[in-house]
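In our numbering, the protein residues as written are 333 to 432.
Now the structure itself:
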């Protein structure tokens, strides 16, 4: 795993699978939000990810969340989709066991 993308704190390791599963749900919801142009919902998810990413040991998720929040603030559906794709790719790498 690339340390810049994530290294969960061993004290909360049991919470990480649920955190990542919630991010997978966010991918589905964010894609639908971009299609509906529901920018307030996308902004809230991005903001939450920005704060929680580092807390769970995944600064990459925090960076993606910040970019999502900004794209939603700018009402940029393409930007929301691009960042959602980044999140999806990150989660796929995590599932494969090697975030890089």
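Glycine is no exception: its CB is placed at the ideal position from the N, C-alpha and C atoms.
Item: Buried versus exposed call for residue 358 [16 or more other C-beta atoms within 10 Å across all chains shown]; Value: buried
Item: Integer Cβ distance of residue 409 from residue 366, believed to fall under 8 Å; Value: 5 Å
Item: Touching by the beta-carbon criterion (3+ pairs, under 8 Å), the region 400-416 and the region 370-384; Value: yes
Item: Residue 333, DSSP secondary structure in three states; Value: Because the pLDDT of residue 333 is 45, which lies under 50, any placement of that residue in the model is unreliable, and the question is left without a value.
Item: Start and end residues, alpha helix (DSSP H) containing residue 361; Value: 348-368
Item: Pairwise C-alpha distance: residue 372 and residue 418; Value: 20 Å
Item: Alpha carbon of residue 362 to alpha carbon of residue 347, nearest angstrom; Value: 22 Å
Item: Where residue 415 sits in the DSSP three-state scheme; Value: helix
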